[in-house]
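Residue numbers (my numbering): 290 to 614. The beta-carbon is built from N, C-alpha and C at its ideal position, and this holds for glycine as well.
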């Protein structure tokens with residue numbers, strides 16, 4: 290088969306479409322013939338040499354895919370050859386085939402194009418596990434989504450709306466109209482506006498009950514300031530740095546909670562639990578049309594370098610997909 294390899298870390302030109310050995314399924318794995326994968330920020334970090342795959346994962350980038358099962362391991366009883374699926378991966382999505390632990394498979398959602406389904410697994414599992422499972426977002430609460438125009442952001446906005454929360458999102462002004470079309474009550478231009486002041490104004494001084502953050506250190510103090518009493522801050526990215534001072538007094542006064550998680554390196558059992566939760570609680574919303582994959586562009590997988598350049602520019606809205614021939 291062919292896959293995107295990284296002979297040496299570097300810029301987008303470091304991605305090389307090359308012939309590699311076919312994967313073989315383990316006892317509790319299936320082989321998926323990949324129709325599409327999606328570009329995530331973690332893939333850019335891996336290409337740069339900053340985010341290696343966990344032990345046992347394929348060396349190729351790609352944290353999610355969609356496709357058709359072509360082989361099943363000896364202990365797999367709940368999946369069959371020919372099923373259309375999408376999958377959460379620890380790596381290997383930028384390839385024509387990938388071995389997937391059976392617990393990380395999801396049926397392709399009814400009513401969603403199989404290629405576009407590749408835009409869902411990683412964002413669905415990340416957002417649901419943080420916003421719902423950990424932060425406990427409920428109907429009537431306020432959710433602030435940073436990076437609302439990203440793949441994570443566009444999914445989080447839709448999930449918040451589907452759960453009957455009031456959704457606020459930060460993004461460039463050029464993306465505001467599309468965020469409102471997805472159901473965001475208000476969009477905040479982080480380059481021109483103080484999001485803390487805007488959140489307070491829009492909530493009559495109360496603040497956000499849940500904040501989904503991709504920035505990390507650079508937003509930590511302001512995120513705490515923007516939280517409501519009893520608020521929950523879920524940190525899932527470090528685009529603004531790793532280290533910052535935290536005013537514990539401010540956190541205690543608000544009786545607030547901060548969680549910080551990654552998904553890729555979790556044990557298989559934890560991932561399977563998250564995938565099952567997504568299948569049970571999120572997939573019905575997708576199949577009902579309340580959440581849909583937001584795809585900026587489909588590109589041939591061999592052109593992964595150009596796809597990385599597009600994602601690095603942050604000019605996209607939603608996901609950029611890589612398709613096999």
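DSSP-derived helix/strand/coil call for residue i
| i | result |
| --- | --- |
| residue 615 | The question about residue 615 has no answer, for the chain in this structure spans 290 to 614. |
| residue 328 | coil |
| residue 570 | helix |
| residue 597 | helix |
| residue 410 | helix |
| residue 318 | strand |
| residue 562 | helix |
| residue 518 | strand |
| residue 336 | helix |
| residue 542 | helix |
| residue 610 | strand |
| residue 267 | Residue coverage of the chain in this structure runs from 290 to 614, which leaves residue 267 outside it and unanswerable. |
| residue 551 | coil |
Per DSSP, cross-strand counterpart(s) of residue i
| i | result |
| --- | --- |
| residue 354 | 326 and 376 |
| residue 580 | In DSSP, residue 580 forms no bridge with anything. |
| residue 502 | 524 |
| residue 395 | 375 |
| residue 308 | 291 |
| residue 390 | 318 |
Cβ neighbour criterion (16 or more within 10 Å) applied to residue i
| i | result |
| --- | --- |
| residue 380 | buried |
| residue 439 | buried |
| residue 614 | exposed |
| residue 350 | buried |
| residue 463 | exposed |
| residue 353 | buried |
| residue 589 | exposed |
| residue 304 | buried |
| residue 516 | buried |
May I ask you to verify whether the stretch 295 to 304 touches the stretch 319 to 326, counting CB pairs closer than 8 Å and requiring at least 3? no
Touch check for the stretch 364 to 383 and the stretch 398 to 414: three-plus C-beta pairs under 8 Å? yes
Sequence ranges, alpha helix (DSSP H) only - wholly within the stretch 417 to 492, length at least 4: 440 to 451, 465 to 470 and 484 to 491
Tell me, please, whether the stretch 431 to 447 touches the stretch 345 to 362 by the rule of three or more beta-carbon pairs shorter than 8 Å. No: fewer than three Cβ pairs fall under 8 Å.
Given 8 Å, three or more beta-carbon pairs between the stretch 416 to 435 and the stretch 509 to 525: yes
Under 8 Å: do the stretch 469 to 476 and the stretch 445 to 455 share three or more Cβ pairs, one atom per stretch? yes
Contact between the stretch 525 to 543 and the stretch 498 to 513 is defined here as three or more beta-carbon pairs at a separation below 8 Å; is this criterion met? yes
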